[in-house]
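Structure first, then comments.
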């Protein structure tokens, strides 16, 4: 069974450009989470989808970030326009259990975003 | 509010010697606690999870952690380090009263180096 897959693995863009990160969760997993780790800081929660609905987006830093999950399958996270402080590693995770109680969340390998 | 502090940013051990990675937490109620590991170019992998059952939790690859409420600690140990244990380890608390995987709070991480 394929795990959580993230594309691209690395991205280098210039300040002001747009970047779209993609996450393919494990098939059948309703819950999808985005986290990020800014250089030198802890991994922080960004948002949580249940199917196609945003359950909690309290961690999104500002309106330059837009997450979507059309059809409840893969998700995209768009940063527009990118700023230097957006550099870091963006993780996606998925879990099958709606409550998150009984099963673990499986993480992807992350997308390393560098804004120059 | 919940928080987690990993007391060492780097730990270095010799192969075959014990491993101790220290974690203290702060929580307004009985927390759910996790240890995750990230090997280079891999996703975050769950090592073990504590959810108010047994205070000594056994995980994968010979790791275990003991929940000590009086010390607010959840240290990760392994009797004998293996070269393949070299990775970054994260202590994580769930802010959900139910202990789910939503909106996890990560520690800053501890990089474990294992020398021959």
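Protein chains in written order, with the working numbering: chain A, -5 to 110; chain B, 317 to 432. The beta carbon of each residue, even a glycine, is placed where N, CA and C say it ideally should be.
Chain B contact residues for residue i, given Cβ-Cβ distances below 7 Å
{"i": "residue 103 of chain A", "result": "357, 358 and 359"}
Alpha-carbon spacing of residue i relative to residue j, whole angstroms
{"i": "residue 332 of chain B", "j": "residue 402 of chain B", "result": "13 Å"}
{"i": "residue 55 of chain A", "j": "residue 27 of chain A", "result": "15 Å"}
{"i": "residue 9 of chain A", "j": "residue 398 of chain B", "result": "42 Å"}
{"i": "residue 74 of chain A", "j": "residue 40 of chain A", "result": "16 Å"}
{"i": "residue 367 of chain B", "j": "residue 19 of chain A", "result": "25 Å"}
{"i": "residue 323 of chain B", "j": "residue 338 of chain B", "result": "6 Å"}
{"i": "residue 429 of chain B", "j": "residue 44 of chain A", "result": "38 Å"}
{"i": "residue 329 of chain B", "j": "residue 57 of chain A", "result": "44 Å"}
{"i": "residue 11 of chain A", "j": "residue 65 of chain A", "result": "27 Å"}
{"i": "residue 325 of chain B", "j": "residue 34 of chain A", "result": "11 Å"}
{"i": "residue 427 of chain B", "j": "residue 29 of chain A", "result": "20 Å"}
{"i": "residue 46 of chain A", "j": "residue 419 of chain B", "result": "17 Å"}
Minimum C-alpha distance to residue i - residue among the options
{"i": "residue 59 of chain A", "options": "A:14, A:105, A:3 and A:2", "result": "A:14"}
{"i": "residue 320 of chain B", "options": "B:360, B:364, B:359 and B:342", "result": "B:342"}
{"i": "residue 409 of chain B", "options": "B:355, B:425 and B:432", "result": "B:425"}
{"i": "residue 356 of chain B", "options": "B:432, B:400 and B:411", "result": "B:400"}
{"i": "residue 376 of chain B", "options": "B:383, B:385, B:384 and B:364", "result": "B:364"}
{"i": "residue 80 of chain A", "options": "A:103, A:5 and A:50", "result": "A:5"}
{"i": "residue 98 of chain A", "options": "B:334, B:335 and B:352", "result": "B:352"}
Inter-residue CB distance, residue i and residue j (contact presumed, cutoff 8 Å)
{"i": "residue 406 of chain B", "j": "residue 390 of chain B", "result": "That pair is no contact at about 12 Å."}
{"i": "residue 89 of chain A", "j": "residue 100 of chain A", "result": "7 Å"}
{"i": "residue 109 of chain A", "j": "residue 37 of chain A", "result": "Actually they are not in contact, since the Cβ atoms of residue 109 of chain A and residue 37 of chain A sit about 19 Å apart, beyond 8 Å."}
{"i": "residue 82 of chain A", "j": "residue 16 of chain A", "result": "Incorrect: roughly 17 Å between the Cβ atoms, too far for contact."}
Under 8 Å from the C-beta of residue i: neighbouring residues of chain B
{"i": "residue 181 of chain A", "result": "Past the edges of chain A, shown from -5 to 110, lies residue 181 of chain A, and the structure says nothing about it."}
{"i": "residue -3 of chain A", "result": "359"}
{"i": "residue 4 of chain A", "result": "Under the 8 Å cutoff, chain B gives no residues; its nearest Cβ is about 10 Å from residue 4 of chain A."}
9 Å Cβ cut-off: residues of chain B touching residue i
{"i": "residue 50 of chain A", "result": "418 and 419"}
Per-residue contacts from residue i into chain A (C-beta, under 8 Å)
{"i": "residue 423 of chain B", "result": "36"}
Within chain A, partners of residue i - CB distance below 9 Å
{"i": "residue 406 of chain B", "result": "36 and 37"}
beta-carbon residue i near the ligand FAD non-hydrogen atom, thresh 8 Å
{"i": "residue 72 of chain A", "result": "Although the ligand FAD was asked about, the structure shown includes no ligands whatsoever."}
**OP:** Could you tell me which uninterrupted alpha helix (DSSP H) segments, each at least 4 residues in length, are contained entirely in the region 7 to 31 of chain A, listed from first to last along the chain?
**Re:** none
Original post:
What runs of the beta strand (DSSP E), each 3 residues or longer, lie entirely inside the region 25 to 80 of chain A?
Top reply: 25 to 32, 37 to 44, 47 to 50, 59 to 62 and 69 to 73
Subject >> Entirely enclosed alpha helix (DSSP H) segments - the region 357 to 393 of chain B, minimum 4 residues >> reply: none
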